[in-house]
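S.K.: Please read through the structure below; I'll follow up with questions.
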Amino acid sequence: MQFTAASSGTAHTNTSLKSRIGRLLLRVILLAQSLFVIYPLVWNVLASFKTNKEVLLSPWSLPGSLNWDNFVRAFTTAKMGDYMFNSVMVVALSMAITLAVVVPTAYVLARMKFPGRKFLTNVYMAGLFIQGVYVVVPIFLVMNDLHMLDNRFWLSAVYAAGSMAFSVYLLIGFLKSIPREYEEAAMIDGCGYFGTLFRIIVPMARPGIITVVIFSFFDFWNEYVLAMTFISSEHKKTIPVGLSNLFEIQRYATDWGSLFAGLVLVLIPTIVVYSLLQKKLTEGMMLGGLKG
1 MQFTAASSGT
11 AHTNTSLKSR
21 IGRLLLRVIL
31 LAQSLFVIYP
41 LVWNVLASFK
51 TNKEVLLSPW
61 SLPGSLNWDN
71 FVRAFTTAKM
81 GDYMFNSVMV
91 VALSMAITLA
101 VVVPTAYVLA
111 RMKFPGRKFL
121 TNVYMAGLFI
131 QGVYVVVPIF
141 LVMNDLHMLD
151 NRFWLSAVYA
161 AGSMAFSVYL
171 LIGFLKSIPR
181 EYEEAAMIDG
191 CGYFGTLFRI
201 IVPMARPGII
211 TVVIFSFFDF
221 WNEYVLAMTF
231 ISSEHKKTIP
241 VGLSNLFEIQ
251 RYATDWGSLF
261 AGLVLVLIPT
271 IVVYSLLQKK
281 LTEGMMLGGL
291 KG
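In full-length UniProt numbering, the protein residues as written are 1 to 292.
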């Protein structure tokens, strides 16, 4: 009996030691990953305040002074202000179209029973495997025939169409978790389908909708290939395309400070949005994973 107790204690000690070592290794890995992500961002911010000489001769040191002129040149001479305005307009239109289409579609597929519902749901699920980059040529040909090219509204429509499959898939999980008793009570009170959707379902599905908005914002803000293909006018180009043009110009103009300042200007909206809505995003993903 004593031997058995001693063996049990030794096994418990070994298990506890392995658990501690595992947690330590996990923390080290997470810390290393954090450094890999944070360091380039910090370096970019520091480089945006440097002169060209400092960027080339001492890229790893702190800037001698804060050269705000880099941001002024990036915003005016490099036209980053115009590119940001175009991106804001395209993203806002894309998100408006996405929500206007996705919310009713997910509501119908998640809450109603009708012939062909499962087939339509599977069609949307299949759309998860089709990216806009893969079908950019046929989309370009169709838009060219319909005279939709070089138009920010139609670019927004393409963005919204490309994000529909994932957004519907994500939102269906939230809508299925809402008890049907709320709909039945609303119907008894005289609400129609649209009244029930916007007065009952949408407020209760707010975490899912916020999650869709966050993912859509990052996707639309950073998209490059479609914007480069469908927009030809310089004054209509979005941030990723404008930043690519800025890189080509500044590489030969040797104005590295304004180039890094332009990168910082692009990063600011995404960092601000994520910082403000990170908690909502985490809560929404956990809720969708548990109840979807």
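C-beta: ideal position from N, C-alpha, C; glycine also.
1) When DSSP labels each residue in this structure, what does residue 32 get in the three-state scheme?
2) Counting along the chain, where does the alpha helix (DSSP H) carrying residue 66 start and finish?
3) Please identify the residue among 144, 67 and 151 whose C-alpha is closest to the C-alpha of residue 309.
4) Over the uninterrupted alpha helix (DSSP H) stretch that includes residue 154, give me the two end residues.
5) Locate the alpha helix (DSSP H) running through residue 199, then write down its first and last residues.
6) Can you tell me whether residue 115 is buried or exposed? The criterion is at least 16 other CB atoms within 10 Å of its CB, across all chains shown.
7) Helix, strand or coil, according to DSSP, for residue 248 in the structure here?
8) Assuming residue 273 and residue 48 form a contact by the criterion Cβ under 8 Å, report the distance between their Cβ atoms to the nearest whole angstrom.
9) Using 10 angstroms around the beta-carbon of residue 290, count the other beta-carbons present and answer buried if the total reaches 16, otherwise exposed.
10) Give the single residue among 103, 58 and 82 whose Cα lies nearest to the Cα of residue 173.
11) Distance check for residue 98 and residue 80, CA to CA, integer angstroms please.
12) Considering only C-alpha positions, which residue in the set 275, 266, 267 and 260 is nearest to residue 46?
13) Given a cut-off of 7 Å, decide if residue 134 and residue 371 are closer than it, judged by their beta-carbon atoms.
14) To the nearest angstrom, how far is it from the Cα of residue 155 to the Cα of residue 214?
15) For residue 197 versus residue 83, is the C-beta distance shorter than 7 Å?
16) Take residue 269 as the anchor and find which of 232, 229, 227 and 219 has the nearest alpha-carbon.
17) If residue 183 and residue 200 are in contact, beta carbons under 8 Å, what's the gap, nearest whole angstrom?
18) At which residues does the alpha helix (DSSP H) containing residue 78 begin and terminate?
19) Shortest alpha-carbon distance to residue 240 belongs to which of 75, 224 and 58?
M.R.: On the basis of the data shown:
1) Within the sequence shown, residue 32 is the residue found at index 32, counting from 1. Residue 32: helix per DSSP, three-state reduction.
2) Residue 66 sits at position 66 when you count from the first residue of the sequence shown. Where residue 66 is concerned, there is no enclosing alpha helix (DSSP H), given that its DSSP letter is neither H nor E.
3) Past the boundaries of the shown model lies residue 309; the chain is included only from 1 to 292, so the question cannot be answered.
4) To locate residue 154, count along the sequence shown from 1; it is residue 154. That run of the alpha helix (DSSP H) goes 152-176.
5) Looking up residue 199 in the sequence shown gives position 199. No alpha helix (DSSP H) contains residue 199, which DSSP labels as neither H nor E.
6) Indexing the sequence shown from 1 puts residue 115 at position 115. With fewer than 16 other Cβ atoms within 10 Å, it is exposed.
7) Residue mapping note: residue 248 aligns to position 248 of the sequence shown, counting from 1. DSSP places residue 248 in helix when its eight states are reduced to three.
8) In the sequence shown, the residue the question calls residue 273 occupies position 273. In the sequence shown, the residue the question calls residue 48 occupies position 48. With 8 Å as the limit, residue 273 and residue 48 do not qualify as a contact, their Cβ atoms being about 20 Å apart.
9) The residue given as residue 290 occupies position 290 in the sequence shown. Residue placement at residue 290 is flagged as unreliable, the pLDDT there being 44, under the threshold of 50; a coordinate-derived value is accordingly withheld.
10) Translated into the one-based positions of the sequence shown, residue 173 becomes position 173. Considering only alpha carbons, the answer is 103.
11) Sequence index remark: in the sequence shown, residue 80 carries index 80 (1-based). Sequence index remark: in the sequence shown, residue 98 carries index 98 (1-based). Cα to Cα, the separation comes out at about 26 Å.
12) Translated into the one-based positions of the sequence shown, residue 46 becomes position 46. Taking only the C-alpha atoms, the option nearest residue 46 is 260.
13) This structure leaves residue 371 out entirely; the chain is present only between 1 and 292.
14) If you number the sequence shown from 1, residue 155 lands on position 155. If you number the sequence shown from 1, residue 214 lands on position 214. The alpha-carbon atoms of residue 155 and residue 214 are separated by roughly 19 Å.
15) For this step, residue 197 is matched to residue 197 along the sequence shown. For this step, residue 83 is matched to residue 83 along the sequence shown. For residue 197 and residue 83, no; Cβs fall outside 7 Å.
16) What you label residue 269 is simply residue 269 of the sequence shown in a count that begins at 1. Checking every option, the nearest Cα to that of residue 269 belongs to 219.
17) Mapped onto the sequence shown, residue 183 falls at position 183. Mapped onto the sequence shown, residue 200 falls at position 200. The Cβ separation is near 7 Å, so the contact holds.
18) In the sequence shown, the residue the question calls residue 78 occupies position 78. Note, residue 78: premise wrong, no alpha helix (DSSP H); not H, not E.
19) The sequence position of residue 240 within the sequence shown is 240, counting from 1. Closest by alpha carbon: 224.
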